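Visitor: In the numbering used here, each number is its position in the sequence shown, counted from 1, plus 69.
Just so it is clear, CB atoms sit at the ideal spot from N, CA and C, and this is done for glycine as well.
Computed from a predicted model, the values in this text were never measured in an experiment.
Attaching a single structure in structure tokens format; questions to follow.
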Amino acid sequence: MEELTLETMIAVFEEVFGTGLFWTMVAVAAIITVGYLYVLIRDHNLGMRRFLIAQLFMPVGAVLAVWFVMFMTDSHLRDIGGPVDVIVFLGIAAMGAIGMSILVYTVESLFFRDKLGD
Numbered sequence: 070m071e072e073l074t075l076e077t078m079i080a081v082f083e084e085v086f087g088t089g090l091f092w093t094m095v096a097v098a099a100i101i102t103v104g105y106l107y108v109l110i111r112d113h114n115l116g117m118r119r120f121l122i123a124q125l126f127m128p129v130g131a132v133l134a135v136w137f138v139m140f141m142t143d144s145h146l147r148d149i150g151g152p153v154d155v156i157v158f159l160g161i162a163a164m165g166a167i168g169m170s171i172l173v174y175t176v177e178s179l180f181f182r183d184k185l186g187d
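Below you can see the structure in the form of structure tokens.
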């Protein structure tokens, strides 16, 4: 791998997750992003109570993301080889936490808007 291009990254992710699962994950992420943008435009601000509840789910998202990647790559924590692996796992955990927060906020705003009262 001489260059790090978008095509190379897509090929790597397709190899790790499989073509069908990878593109399904991309589609789901796009749908959640569109829903989140819709909620932000519709409400013109963030509901602080919904935002707090979404933040409480961030550790769950971090753990699930790391677990999912370890499951898909057939790895274990004992396979961590050095600082770069730790940085990659921290990045995966951060992305999982942010994704879970966005998902929870979007679901709360779309389906439980009246019950939270903010």
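Taking the alpha carbon of Leu172 as the point to measure from, which residue in Leu133, Tyr105, Ala162, Trp136 has its own alpha carbon closest?
Guide: Taking the sequence shown and counting its residues from 1, the one referred to as residue 172 is at position 103. Considering only alpha carbons, the answer is Tyr105.
Visitor: So Met169 packs on Phe126, CB below 8 Å; how close in whole Å?
Guide: By 1-based counting over the sequence shown, the position of residue 169 is 100. By 1-based counting over the sequence shown, the position of residue 126 is 57. Contact flag correct, Cβ pair sits at about 5 Å.
Visitor: How long is the line joining the alpha carbons of Phe180 and Arg147, rounded to whole angstroms?
Guide: Within the sequence shown, the letter at position 111 stands for residue 180. Within the sequence shown, the letter at position 78 stands for residue 147. Taking the straight line joining both Cα atoms gives about 41 Å.
Visitor: What is the DSSP secondary structure of Thr142, reduced to helix, strand or coil?
Guide: One-based indexing of the sequence shown puts residue 142 at position 73. If DSSP states are grouped into helix, strand and coil, Thr142 belongs with coil.
Visitor: Can you name, in chain order, every residue of its own chain whose Cβ lies under 7 Å from the Cβ of Leu121, other than the five neighbours on each side?
Guide: Stepping through the sequence shown from its first residue, residue 121 is reached at position 52. Closer than 7 Å at Cβ, skipping near neighbours: no residue.
Visitor: Anyone know if the C-beta pair for Ala96 and Tyr174 falls short of 9 Å?
Guide: Stepping through the sequence shown from its first residue, residue 96 is reached at position 27. Stepping through the sequence shown from its first residue, residue 174 is reached at position 105. Result no, Cβ atoms of Ala96 and Tyr174 do not sit closer than 9 Å.
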